[in-house]
Each structure stands twice: as structure tokens, then as C-alpha cells.
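Student:
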Amino acid sequence: MPCCAVRVCGNRSSEANFKTCGVTYHRFPRDPKLKEKWINACGRKDQWFPTQHGVICSSHFEEKCFQPIAKSRRLFPEALPTLKLRLVFETPTKRTKHKINSKKIIIKPGEKRSIVEKYKVQIEKYKKGLQQHKMHIKRLQTMYWVIRIVAMSW
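Per full-length UniProt numbering, the sequence shown runs over residues 1 to 154.
Here's what the structure looks like:
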């Protein structure tokens, strides 16, 4: 039985389904770019990648994302999950906290502002670089799975 891939969602098809709650489950799209957006919306860690049977429940889609079909709910091809999502922030472990606290820097009062500004700029550069690396990894993972699916269908 599938369960929703969104980190903060506990919907399972055995408990919340179309007959009982009107909840439907939708597989990740095959289009790599759209799939990447769905993966980001799940709010899971960087290395996470959905399985072939991975799904997101209808609770995370706006009503306008669904095609008007009588007995079921089908998403439009470009639908994106936007509701009830939350980003995951990793908390530092005890070990990383210790490393951070072990470096003591002595700063003179006049230097404080310039050092803070300098490090803010560096942090922003690192964040941008890290985000680009994360996106690159996800693209590679998506391409890997697309190639694998194509190879299996031959």
C-alpha cells in the first residue's frame, strides 16, 4: 500500500483513500524537470529519490490541478504539489556543534562589523554553490532512473 512521499504527511492508502476521505495518490511524473520539482516539494534529505511506486497524495495539490473526471481524480500533466509542504532543516549534530564551538576568535570592537559582513558574503556564496551542487545531484539521479527505465523497456 502506498504512502505519501511528502515528509510531513502521514497519509497511507490503506487509511486515507478515495472511498473514505476522497484522497487520491499520484505517481511522480516521468518528465525529469517536473519530477525534480516534485522531489524538492517533498522536503526530504538530499540523497532521497522516489522509488518506481512513489506517490504524493492529493492533499498537496490545489483543486485547479485536477482534471474534471467524474469517478476519479487525475492531475493535469504540469501539476505541482504546493499545499501542506514544509522544508526540512537539518539540525547540527553534537559533533559539529563541538567543532564550531572549539574555535574561539578574538575580535576587536572596530573590526566586528567588517568581519561579519565579510562572512555573510562568504556564507551566501557557499549557499549558492551548495544549492547548485544539490540540483546537479538530483538531475543526475533523475537521468539515471530515466536511463534505467528506458533500458528496462527495451
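Yeah, the Cβ is synthetic: ideal placement off N, Cα and C, and Gly gets one too.
Measuring alpha carbon to alpha carbon, tell me which residue in 32, 46, 28 is nearest residue 139.
Tutor: Position 139 of the sequence shown holds residue 139. It is 32 whose Cα lies nearest to the Cα of residue 139.
Student: By how many angstroms is the C-alpha of residue 143 removed from the C-alpha of residue 135?
Tutor: Here residue 135 refers to the residue found at position 135 when the sequence shown is read from its first residue. Here residue 143 refers to the residue found at position 143 when the sequence shown is read from its first residue. Computed Cα separation, rounded: 12 Å.
Student: Please report how far the alpha carbon of residue 18 lies from the alpha carbon of residue 117, in whole angstroms.
Tutor: Reading the sequence shown from its first residue, position 18 is the one you call residue 18. Reading the sequence shown from its first residue, position 117 is the one you call residue 117. Near 53 Å, if we compare the C-alpha coordinates of residue 117 and residue 18.
Student: Report the partner residues of residue 4 according to the DSSP bridge assignment.
Tutor: Here residue 4 is taken as the residue at index 4 of the sequence shown, counted from 1. Per DSSP, 55.
Student: Helix, strand or coil for residue 47 per DSSP?
Tutor: Taking the first residue of the sequence shown as 1, we reach residue 47 at position 47. In the structure shown, residue 47 sits in coil (DSSP, three-state: anything other than H, G, I, E or B).
Student: From this set, 26, 5, 80, 36, which residue's C-alpha is nearest residue 73's C-alpha?
Tutor: Position 73 of the sequence shown, counting from 1, holds the residue named residue 73. If we check each option's Cα against that of residue 73, 26 comes out closest.
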